[in-house]
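Residue numbers (the numbering used here), protein chains in the order written: chain A, 24 to 272; chain B, 53 to 1095. Ideal Cβ positions, reconstructed from N, Cα and C, are used throughout, including at glycine. What follows is a short report on a single structure.
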């Protein structure tokens, strides 16, 4: 939408977080392959579950959420460098060196990746979900009813947008200030994050229409928008828009 | 902006001089007002220049307002069809014309004006029964095979063919709009419905003009109604309560509940044991209509539905007695998709079938024995049913009727009784004549306007008087007389139809043209000019005025000279076009100062996207219905963007303040959203909280606490925004802490007393309470406007000069201070310097806040308080994010105003207007104050936001910043631009969807709200906002001199 007009190349003297560089997918064939299969798997999962989500959102969203969690953990551990490998290639002890360091550390990778992946899962559940749920309520989600729906919707958005971000960017406060401020250059993780949020935002559009369709009920459209936004954002962030920065002025 | 850019030619020497002077002044500007003789003279000049520039600005915006008025007027006059509703009722004993035959008049037992034909009647409406559903399918080229809706309800045609004297089937043409409510009005009153039936009650839907149902009730007939509950909205309390069954008509997905309900309750009534309990039954089946809406006509569900109807009518034919007339009709048809509301053939061609066990109906010629094969042959108008049914049941014809008696029902079973036909045609024509006479008298129309019909009327009467003794008159002579009266009826109907039921498309299109052109001008002025707008306003205004005047001359000339052109329309259009052309040349002249108005930052795009998305949404009834939620969504989105932008700020203080205010802004928006008044269409997904319950319009007791809470907290909150820059000085202390708080407390007291009065808490003291509360309300207005404006006009800038002894380490980096002289051991500090313009001007916001709060219900008072808080937060946000030059501030104020319109208990419907607010400080209706009060209640939030617009650019600006007045003009024009876009969009959609099913319910009211809202906001922006800027600038300049 609007952001396209205000994207500039990263080289153009960014205001802050000067050293941030876009995240690359690990230089392994499996990683490069799976990063493209992953969104297809996610969307297939969602399409497969769609009918039951529409029929009875809460249990279906729980089931889908579990599957989503598994897929996301698989994605981050296969494709992405864990935290420490992103902003500055500082000599962090953990395995997550990016780019050329990867092949040599394949064995230690399992432990060095699975643990951060589960930590990201935990944090995106415990921190991301409540924050997003509150945001949803502020944006007009029902305050007194449909709590399970709203929280599950937030959890889906959190797993899509926040989980990979925690995995690659860590939990450092300054880093997250840069993320929220959109100072980071766009890569497939950050792009997917923006895409998810924008998708969820646009997902609210069909709710008021008087089409009397089952799928217009809360929160089906939001979750649908988030999934589609995730896939589009990830694709664009990893390719076309990679390395660009969002400028407000 | 003015650095290093080539100056446009017209500025020439004066500009060069001004620039040189500015350089000089800039050097001096650090100090206070210059003290030399020269500087004083300059200052005087500066003041004169400011006043002139300000006056021109007011003139320019007034000229824009004029263009808007012209555009809206032209569109409205072509779009809003108005008809005066006369309260007259026809009397049984007073026929419209002397009878010539020996019939004794005036008794409902035998018939009021004419001998009646039936004792009882069963009138069944099959919603959306199209004519071609009822006649056998005939193959046509390109349409060889019958559809699902064909041949499924053969009973009507069969009976009419087999027993033409018992049954008659005719095409029954509806007048658009083909919506059920409007149709029922037409079918019972015999009139053509228009949008504004002037004189009728706005708030209620009940039919107040004379109608068939009311006549039946007046004659003590027992009326039963079964089916669609629209009838109860139109005729509340008219029906026998224990026999009547109403069903919700909105659930179009439900095909059977209503129909089964009607069938279950109607047949027991037809049982001979029960026929004495009623005189007339109105049954209204909805299944066919719902099947059409849901599946479209060509669907097996439609076949099933029509088949069900077929069986029901066969059953009815069996059961009714021979004193009963059975009428079955469609109120409208349906289009190929099964929808209706418009004026296409399929939508207006319904069917009418009348049945009696007596041999009652006749045909004037053998050719017409069979029902017409298509609706184009021998159609009758729906309003014709009114006189027909009235006369058949012995009722007087409703006063406002324009229909004619249906020939088949009066010509006698042999088709020869032309005497009867002529008599009823004469009666009907006479009633129409009486009605038209009254209408012309009340409306003040001259006889010339009705010359055509009047001539026909006298011809018909001449023919009638030559007939003489009825025994010797031949069929032919009766026939001639009958047609003469019919001719009068037809001519009158045509004239009324042209008056009331036709949109004037050229007027609408030209109105939209004017509004679009004005929008373009405003858009260029707001976003397409560089530098100070006050420099360009003179040339714009000058050329605009020249253009306007020449346009007026040319237009009037054309209107007079060319006979085909309507004078008023031509003059208005040419005036507006002339003005716009004038402005266009001015923009061309100043082309070097113009830039592309297309946004170039994310904020510009945010403004555009919000505005355009909202405007596009108004094309959909759903998005119009849910506008309040959409605005909530947009405002929260803005808050989040502000949060992001704040986090991006480099300055830590700006960042922290920005984050705090953006979160606060979001939370306040959401908090305000809990105040809701749902419109009917939002049900069942919305719960009203504005009043005590969904069915009352009084506040709950707990809500009375809200205004008190506001009175205790809001002044403190406002104070905190002043204290941030040490601007809480001088008059502000007295005004905010004392007068404003006192006013708010009194307003709270008013609403408590109002509740006491409503609830009769102190029986016997109601008169005392009434008097006291009105006095209190008047005092509040006096505080807000009289005391407030005095404070605002004469207050010094909110500053304090402090002399401090230096204590060495004291380095206060506070933004609120300006050290002006730093000499040795003491320093002079001006407290409040940083926000001298903003703090001074914002007093105006608080004054109007008080006035607006008073006229809102307690819940609305809370919403206005939240709005005020949000406005101040927005001012801070715009400042900390350095956005005062962008369009986002004024546009968000527009969104905020629209949002809080809904939060103060309003909706874009006529029924949500809180008329009672006219009586808050007054006992009776007083012009012009009563309408002003209602406007202040309805558009209170928009008014407050419009008042706040200049503060966006004035908040925390240096006292001598150059071009500040131009910035105000830019912000104000951007704010008006927002409303102008909304107005243009709603106008276009209303015009485009003029035959839409939901026109009268959704699009028209939204158009009216947009138009009135735009005008109100413009007037407020010109005379209160820009007007207020004059006072605050003069006051600031008195201390700091002119820039």
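The alpha helix (DSSP H) spanning residue 640 (chain B) covers which residue range?
For the purposes of this step, residue 640 (chain B) is taken as residue 588 along the second chain, with counting starting at 1. Residues 619-641.
Three-state class that DSSP yields for residue 279 (chain B) in the structure shown
Residue 279 (chain B) sits at position 227 when you count from the first residue of the second chain. Looking at residue 279 (chain B) - three-state DSSP - the assignment turns out to be strand.
Does residue 216 (chain A) get closer than 9 Å to chain B when you measure Cβ to Cβ?
Residue 216 (chain A) sits at position 193 when you count from the first residue of the first chain. Chain B contact via Cβ: absent.
Since residue 612 (chain B) and residue 403 (chain B) are thought to touch, with beta carbons under 8 Å apart, how far apart are those beta carbons, to the nearest angstrom?
The residue you call residue 612 (chain B) lines up with position 560 of the second chain. The residue you call residue 403 (chain B) lines up with position 351 of the second chain. The C-beta separation of residue 612 (chain B) from residue 403 (chain B) comes to about 50 Å, leaving the pair out of contact by the 8 Å criterion.
Return the first residue and the last residue of the alpha helix (DSSP H) that residue 530 (chain B) is part of.
For the purposes of this step, residue 530 (chain B) is taken as the residue at position 478 of the second chain. Here the alpha helix (DSSP H) through residue 530 (chain B) covers 527-552.
Determine, for residue 675 (chain B), whether the minimum Cβ-Cβ distance to residues of chain A falls below 9 Å.
Here residue 675 (chain B) refers to the residue found at position 623 of the second chain. Yes, its Cβ sits closer than 9 Å to a Cβ of chain A.
Between the CA atoms of residue 590 (chain B) and residue 103 (chain B) - distance to the nearest angstrom
Residue 103 (chain B) sits at position 51 when you count from the first residue of the second chain. Residue 590 (chain B) sits at position 538 when you count from the first residue of the second chain. Approximately 13 Å, taken between the alpha carbons.
Hey, would you say residue 567 (chain B) sits closer than 9 Å to residue 1039 (chain B), going by beta carbons?
Taking the second chain and counting its residues from 1, one reaches residue 567 (chain B) at position 515. Taking the second chain and counting its residues from 1, one reaches residue 1039 (chain B) at position 987. Against a cut-off of 9 Å, the Cβ pair of residue 1039 (chain B) and residue 567 (chain B) comes out as a contact.
Enumerate, from N- to C-terminal direction, the unbroken alpha helix (DSSP H) stretches of 4 or more residues contained entirely within the segment 173-218 of chain A.
Unbroken alpha helix (DSSP H) runs of no fewer than 4 residues, entirely contained in the segment 173-218 of chain A, are found at 186-192 and 196-203, following chain order.
Under 7 Å by beta carbon: chain A residues contacting residue 678 (chain B)
By one-based count along the second chain, residue 678 (chain B) stands at place 626. 231, listed in chain order.
If you draw a straight line from the C-alpha of residue 299 (chain B) to the C-alpha of residue 281 (chain B), how long is it?
Along the second chain, one-based indexing puts residue 299 (chain B) at 247. Along the second chain, one-based indexing puts residue 281 (chain B) at 229. Cα to Cα, the separation comes out at about 5 Å.
Secondary structure at residue 267 (chain A), three-state DSSP: helix, strand or coil?
Taking the first residue of the first chain as 1, we reach residue 267 (chain A) at position 244. Of the three classes helix, strand and coil, the one that applies to residue 267 (chain A) here is strand, per DSSP.
Using 9 Å as the limit for Cβ to Cβ distance, is residue 392 (chain B) near chain A?
As a working mapping, residue 392 (chain B) is identified with position 340 in the second chain. Contact with chain A is absent for residue 392 (chain B), since none of that chain's Cβ atoms lies less than 9 Å from the residue's Cβ.
Mind listing which residues of the segment 228-260 of chain A have their C-beta closer than 7 Å to chain B's C-betas, in chain order?
Those would be 231, 232, 233 and 235, in chain order.
The alpha helix (DSSP H) spanning residue 787 (chain B) covers which residue range?
What you label residue 787 (chain B) is simply residue 735 of the second chain in a count that begins at 1. From DSSP, residue 787 (chain B) is part of no alpha helix (DSSP H); its letter is neither H nor E.
Alpha-carbon to alpha-carbon, residue 265 (chain B) and residue 284 (chain B)
In the second chain, the residue the question calls residue 284 (chain B) occupies position 232. In the second chain, the residue the question calls residue 265 (chain B) occupies position 213. Approximately 12 Å between the Cα atoms of the pair.
Note down the Cα distance separating residue 699 (chain B) from residue 633 (chain B), rounded to an integer number of angstroms.
Residue 699 (chain B) sits at position 647 when you count from the first residue of the second chain. Residue 633 (chain B) sits at position 581 when you count from the first residue of the second chain. About 46 Å.
Opposing strand residues paired with residue 182 (chain B) [DSSP bridges]
Indexing the second chain from 1 puts residue 182 (chain B) at position 130. B:402, per the DSSP bridge assignment.
Quick check: the segment 978-996 of chain B against the segment 948-961 of chain B, are at least 3 beta-carbon pairs closer than 8 Å?
Result yes; three or more Cβ-Cβ pairs closer than 8 Å.
Helix, strand or coil: how does DSSP classify residue 1081 (chain B) here?
Taking the second chain and counting its residues from 1, the one referred to as residue 1081 (chain B) is at position 1029. Three-state DSSP puts residue 1081 (chain B) in a helix.
Residue 256 (chain A): buried (16+ other C-beta within 10 angstroms of its C-beta) or exposed?
Looking up residue 256 (chain A) in the first chain gives position 233. Residue 256 (chain A) is buried by the Cβ-count criterion.
Reduced DSSP secondary structure (H/G/I, E/B, other) of residue 135 (chain B)
Locating residue 135 (chain B) in the second chain gives position 83, where the first residue counts as 1. For residue 135 (chain B), the three-state secondary structure derived from DSSP is strand.
Expected contact under 8 Å - CB spacing of residue 789 (chain B) and residue 771 (chain B) to nearest Å
Here residue 789 (chain B) corresponds to residue number 737 of the second chain, with the count starting at 1. Here residue 771 (chain B) corresponds to residue number 719 of the second chain, with the count starting at 1. With 8 Å as the limit, residue 789 (chain B) and residue 771 (chain B) qualify as a contact, their Cβ atoms being about 7 Å apart.
Bounding residues of the beta strand (DSSP E) (the contiguous stretch that carries residue 62 (chain A)):
Numbered from its first residue, the first chain carries residue 62 (chain A) at position 39. Membership of residue 62 (chain A) in any beta strand (DSSP E) is not indicated; the residue belongs instead to the alpha helix (DSSP H) covering 52-78.
For the beta strand (DSSP E) that residue 223 (chain B) lies in, which residues bound it at each end?
Indexing the second chain from 1 puts residue 223 (chain B) at position 171. Element bounds for residue 223 (chain B): 219-225.
Would you report the Cα separation of residue 973 (chain B) and residue 899 (chain B), rounded to the nearest angstrom?
Working through the second chain from its first residue, we reach residue 973 (chain B) at position 921. Working through the second chain from its first residue, we reach residue 899 (chain B) at position 847. The alpha-carbon atoms of residue 973 (chain B) and residue 899 (chain B) are separated by roughly 17 Å.
With residue 64 (chain A) and residue 94 (chain A) assumed to form a contact (beta carbons below 8 Å), what rounded beta-carbon distance in angstroms separates them?
Here the question's residue 64 (chain A) lines up with position 41 in the first chain. Here the question's residue 94 (chain A) lines up with position 71 in the first chain. About 6 Å separates the two Cβ atoms, so the contact holds.
Under 9 Å Cβ-Cβ, which residues of chain A neighbour residue 689 (chain B)?
What you label residue 689 (chain B) is simply residue 637 of the second chain in a count that begins at 1. 162 and 224, listed in chain order.
In chain order, what residues of the same chain lie with their CB nearer than 8 Å to the CB of residue 338 (chain B), ignoring the 5 residues before and after it?
Position 286 of the second chain holds residue 338 (chain B). Within the same chain, and ignoring the five residues on either side of residue 338 (chain B) in sequence, the residues whose Cβ sits closer than 8 Å to its Cβ are 179, 279, 280, 299, 301, 310 and 311.
Name, in chain order, the residues that DSSP records as bridge partners for residue 855 (chain B).
Here residue 855 (chain B) is taken as the residue at index 803 of the second chain, counted from 1. B:880.
Assuming residue 267 (chain B) contacts residue 159 (chain B) under a Cβ cut-off of 8 Å, what Cβ separation, rounded to an integer in Å, is found between them?
Against the second chain, residue 267 (chain B) aligns to sequence position 215. Against the second chain, residue 159 (chain B) aligns to sequence position 107. With 8 Å as the limit, residue 267 (chain B) and residue 159 (chain B) do not qualify as a contact, their Cβ atoms being about 14 Å apart.
So the candidates are B:803, B:583, B:814 and B:776; which of them puts its Cα closest to the Cα of residue 888 (chain B)?
Reading the second chain from its first residue, position 836 is the one you call residue 888 (chain B). Of all alpha-carbon atoms in B:803, B:583, B:814 and B:776, the one lying nearest the alpha-carbon of residue 888 (chain B) is that of B:776.
Of the residues that make up the segment 133-157 of chain A, which ones have a beta carbon closer than 9 Å to any beta carbon in chain B?
So nothing in the stretch comes that close.
Where residue 442 (chain B) falls: helix, strand or coil (DSSP)
Within the second chain, the letter at position 390 stands for residue 442 (chain B). If DSSP states are grouped into helix, strand and coil, residue 442 (chain B) belongs with the helices.
Alpha carbons only, please: which of A:231, A:244 and A:160 is nearest the one belonging to residue 682 (chain B)?
To locate residue 682 (chain B), count along the second chain from 1; it is residue 630. Relative to the Cα of residue 682 (chain B), the nearest Cα in the group A:231, A:244 and A:160 belongs to A:231.
When the Cα atoms are used, what is the spatial distance from residue 152 (chain A) to residue 218 (chain A)?
On the first chain, position 129 is the one that residue 152 (chain A) refers to. On the first chain, position 195 is the one that residue 218 (chain A) refers to. Answer to the nearest angstrom: the Cα atoms are 17 Å apart.
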